[in-house]
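Working notes, beginning with the structure itself.
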Amino acid sequence: MVGGGFAGASCARALKQLDRDLAVTLIEPETAYLACPFSNAVLAGLRGIEAQTFGYDRLGDIGFIRKRAVAVDAERRRVRLDDGTDIGYVRLVLAPGVDLRFDALPGYDEAAAEIMPHAWKAGPQTLLLRDQLAAMPDGGVVILSAPANPFRCPPGPYERASLIAHYLKTSKPRSKLIILDAKDAFSKQRLFEAAWRELYPGLIEWVPLSSGGRVTEVDPATRTLVTEFGSHKADIANVIPPQRAGRIAQSAGVADQTGWCPIDPVTFESRLQPAIHVVGDAAIGG
Ligand SMILES: Cc1cc2nc3c(=O)[nH]c(=O)nc-3n(C[C@H](O)[C@H](O)[C@H](O)COP(=O)(O)OP(=O)(O)OC[C@H]3O[C@@H](n4cnc5c(N)ncnc54)[C@H](O)[C@@H]3O)c2cc1C
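Residues in the sequence shown are numbered consecutively from 38, following my numbering.
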C-alpha cells in the first residue's frame, strides 16, 4: 500500500480485517497525517490545526515503512523506495492522492504558492492562508480561484468560500470575497448559493467561466489574477490550481493522458497495469 491517507490507510486496515493472514505493508513518508476535511474551519479560526493531525499508531497489525515510494517496476512487481531499497509485492495498491500542477497556470509555481497559497493540502499552506486572512485589514478583497473539473473535493472551494465569508462577516465586515471559477456550474451549487444569500448577502461574488471566471495567469508580485476578461487585484489570493494523480501513479504507468488513473470500478485494479490497484483521489472513480 503506497500512501497512508484516507484511502490507503482505510484500505490497508480493511484488507487486514478481511483476512488476518494477508501481509499488508503501508509505505508512507510522514509520521502524521494532516487531514483536509475541516481544514476550511482552520482558515476561519474555528479550529486548531492540531485537530487535523492523526498518527498511525492505531493501524494494528500492518507493516509500516516510513519511506517515500519513488518508482514501480510493474514487470518485476517491485516498489523502489527513496533510500534506494526495494520491496516486492503480489498486489500493489497506490493511494498517493493528488499532485498540484505547478506547470498548468502561468505564473503559479511553488514559490508563488508561498504568496498566493493553495491550501489544497492541509498543513503549512492552511496556516499560511489563515494567517494572511487574519492580517488583512477590514475592507480587503479576497479572491479564490477554483479550477475546472476534475479536481480534489468538488464542493471544497465553495465550502471554503462559505467559511471565509463567515470569518469576514464576523471579523472584517467591510471586506469582499470574489470566486473566479473555471466552471459554469459547481457541486451542490443550489444549496451553497441559497446559504450565501441568506447568511452573507452581498459579501460573495461568484464569477463563472462564461463571465470571465477562468484564471489564465497570475502575478504573485502584485497579487494579480488575470482572466480571459480582465484582471483582478487581490489583497489575499487563494489559488487552487489544476491537479493530477500523485507522481508515483504517473511513474508506475497507471495514469492516462488526463493525469488521472482509470480503474475497474469493482476491483479498483488499474486498466493500464495488471496487479496494481488505485484508490482514493488518484483514481477515476466515476
Ligand atoms: C479543503 C478541503 C476540504 C475537504 N473536505 C472534505 C470533506 O469534508 N469530506 C471528504 O470526504 N473529503 C474532503 N476533502 C477531500 C479529501 O481530503 C480527499 O478526498 C482525501 O484526502 C483523499 O484521500 P487520499 O488517501 O486519496 O489522498 P491523501 O489524503 O492526499 O493521502 C495521500 C497520502 O499518500 C502519501 N503519498 C503520496 N505519494 C507517496 C509516495 N510516493 N510514497 C508514499 N506515500 C505517498 C501522502 O504523504 C499522503 O499521506 C477535502 C479536501 C480539501 C482540499
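Idealized CB from N, CA, C, for every residue including glycine.
For residue i, is the beta carbon positioned less than 6 Å from some heavy atom of ligand 1?
i: Trp-233; result: no
i: Ser-199; result: no
i: Phe-43; result: yes
i: Ile-64; result: yes
i: Arg-105; result: yes
i: Glu-67; result: yes
i: Asp-94; result: no
i: Trp-157; result: yes
i: Pro-238; result: no
i: Val-39; result: yes
I believe residue i touches residue j by the beta-carbon criterion, under 8 Å. Please report the beta-carbon distance rounded to the nearest angstrom.
i: Tyr-93; j: Gly-42; result: Contact flag wrong, Cβ pair sits at about 11 Å.
i: Trp-297; j: Arg-281; result: 6 Å
i: Pro-133; j: Ala-319; result: 6 Å
i: Val-252; j: Leu-166; result: Going by Cβ atoms, the distance from Val-252 to Leu-166 rounds to 17 Å, so no, they are not a contact pair.
i: Cys-48; j: Val-315; result: In fact, because the Cβ distance is near 10 Å, the residues do not count as touching under 8 Å.
i: Leu-131; j: Val-61; result: Wrong, their Cβ atoms sit about 14 Å apart, outside the cutoff.
i: Ala-185; j: Pro-311; result: Their Cβ separation, rounded to whole angstroms, is 32 Å, which puts Ala-185 and Pro-311 out of contact at 8 Å.
i: Gly-267; j: Ala-219; result: With 8 Å as the limit, Gly-267 and Ala-219 do not qualify as a contact, their Cβ atoms being about 15 Å apart.
Roughly how many angstroms lie between the CA atoms of residue i and residue j, to the nearest whole one?
i: Phe-305; j: Pro-257; result: 40 Å
i: Val-264; j: Trp-243; result: For the record, residue 264 in the displayed sequence is Thr; it is not Val. Thr-264 and Trp-243: Cα-Cα distance of roughly 14 Å.
i: Gln-109; j: Lys-209; result: In the sequence under discussion, the amino acid at residue 109 is Val, which differs from the Gln named in the question. Rounded to whole angstroms, Val-109 to Lys-209 spans 50 Å at the Cα level.
i: Ala-198; j: Leu-214; result: 8 Å
i: Glu-151; j: Ala-292; result: 28 Å
i: Arg-95; j: Ala-46; result: 10 Å
i: Thr-259; j: Ala-148; result: 14 Å
i: Gln-287; j: Thr-90; result: 28 Å
i: Ala-171; j: Asp-123; result: 46 Å
i: Arg-189; j: Gly-176; result: 31 Å
i: Ala-78; j: Leu-164; result: 11 Å
i: Thr-261; j: Gly-193; result: 23 Å
i: Gly-322; j: Lys-225; result: 19 Å
What are the residues that DSSP puts in a beta bridge with residue i?
i: Trp-243; result: Ile-216
i: Ala-183; result: Asp-218
i: Tyr-70; result: Phe-91
Discussion item. Tell me whether the segment 179 to 197 and the segment 264 to 283 touch, counting them as touching only if at least three CB pairs, one residue from each stretch, are closer than 8 Å.
Written reply: yes
Discussion item. Across the segment 232 to 251 and the segment 112 to 125, are there enough close Cβ pairs to call them in contact, namely three or more that are closer than 8 Å?
Written reply: no
Fill in: Given 8 Å, three or more beta-carbon pairs between the segment 79 to 87 and the segment 153 to 164
yes
Worksheet item: Is there contact between the segment 195 to 213 and the segment 74 to 83, where contact requires at least three CB pairs shorter than 8 Å?
Response: Contact check between the segment 195 to 213 and the segment 74 to 83: three or more CB pairs, one atom from each, fall below 8 Å, which counts as touching.
Worksheet item: Are the segment 97 to 104 and the segment 46 to 58 touching by the rule of at least three beta carbon pairs closer than 8 Å?
Response: yes
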